[in-house]
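A.B. asks: Numbering (my numbering), first residue to last: 276 to 469. All C-beta atoms in this analysis are idealised placements derived from N, C-alpha and C, irrespective of residue type, glycine included. Structure incoming, see below.
Below, the structure is given as structure tokens:
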């Protein structure tokens with residue numbers, strides 16, 4: 276069984292940019308478990324534990340969904356949290372892609388996965404990159420520091436543009452030091468476009 280998800284991996288320039296953001300935020304807020312920038316990805320679909328046949332079907336769904344979507348660019352937008360301000364669970368940074376290709380790719384992928392019997396997340400798609408996970412509730416002073424950090428990050432210079440040329444079928448291995456991600460298959464975008 277393989278713990279599987281489908282995602283957009285990040286290039287080295289964006290990893291460096293995110294590493295700088297994480298480094299600055301860690302100085303003021305050491306409590307959360309900050310993500311290794313080399314492993315940051317944009318999840319399109321989390322599929323859980325798959326056997327070999329299911330993995331082949333998921334890969335086929337990725338291939339078919341990617342064919343009609345051209346390569347596109349996005350950039351990072353504002354930071355935010357999942358959870359309440361008093362008890363955040365995740366610190367993330369959003370993604371903006373005004374042309375709509377990211378939303379279309381997500382929609383096409385969900386259609387292809389659903390046709391193959393996979394359970395689909397029906398929540399609205401909120402593209403983001405996870406920067407940190409928070410297990411324990413933050414103390415009031417940490418909550419205030421986090422809110423200040425998010426406000427400062429929201430005013431940072433624009434991120435580099437990220438060119439998306441493929442999506443990746445990924446394996447996730449849970450380790451004591453955190454998850455380790457391995458690309459099982461890169462699927463190019465836009466093969467139907469010539």
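What separation, rounded to the nearest whole angstrom, lies between the Cα atoms of residue 362 and residue 304?
C.D. replies: C-alpha separation (whole angstroms): 14 Å.
A.B. asks: From 307, 439, 299 and 445, pick the residue whose C-alpha is nearest to that of residue 375; which is it?
C.D. replies: Residue 375 has its Cα closest to that of 439, out of 307, 439, 299 and 445.
A.B. asks: Looking at the structure shown, is residue 366 part of a helix, part of a strand, or coil, going by DSSP?
C.D. replies: In this structure, residue 366 counts as strand in the three-state DSSP scheme.
A.B. asks: Let me know the alpha helix (DSSP H) ranges lying completely inside the segment 413-469, each 4 residues or longer, listed in chain order.
C.D. replies: Entirely contained in the segment 413-469, the alpha helix (DSSP H) runs reaching 4 residues are, in chain order, 415-428.
A.B. asks: Three Cβ pairs or more, each shorter than 8 Å: is that satisfied between the segment 367-384 and the segment 411-427?
C.D. replies: Counting Cβ pairs under 8 Å, fewer than three are found: no touch.
A.B. asks: Helix, strand or coil for residue 314, going by three-state DSSP, please let me know.
C.D. replies: Looking at residue 314 - three-state DSSP - the assignment turns out to be helix.
A.B. asks: Can you name, in chain order, every residue of its own chain whose Cβ lies under 8 Å from the Cβ of residue 364, other than the five neighbours on each side?
C.D. replies: Same-chain partners within the cutoff: 356, 357, 358, 408 and 409.
A.B. asks: Considering only residues of the segment 286-339, which uninterrupted alpha helix (DSSP H) runs meet the minimum length of 4 residues and lie entirely inside it, listed in chain order?
C.D. replies: For the segment 286-339, whole alpha helix (DSSP H) runs of length 4 or above, ordered along the chain, are 287-303.
A.B. asks: With burial defined as no fewer than 16 other Cβ atoms inside 10 Å of the residue's Cβ, what is the status of residue 463: buried or exposed?
C.D. replies: Exposed.
A.B. asks: Please say whether residue 283 and residue 406 have beta carbons closer to each other than 8 Å?
C.D. replies: For residue 406 and residue 283, no; Cβs fall outside 8 Å.
A.B. asks: Please state whether DSSP places residue 401 in a helix, a strand or coil.
C.D. replies: Three-state result, residue 401: coil.
A.B. asks: For residue 314 and residue 286, what's the separation of their Cα atoms in angstroms?
C.D. replies: Taking the straight line joining both Cα atoms gives about 10 Å.
A.B. asks: Taking a contact to mean a Cβ-Cβ separation below 8 Å, would you say residue 276 touches residue 332 in this structure?
C.D. replies: Contact flag unset, no.
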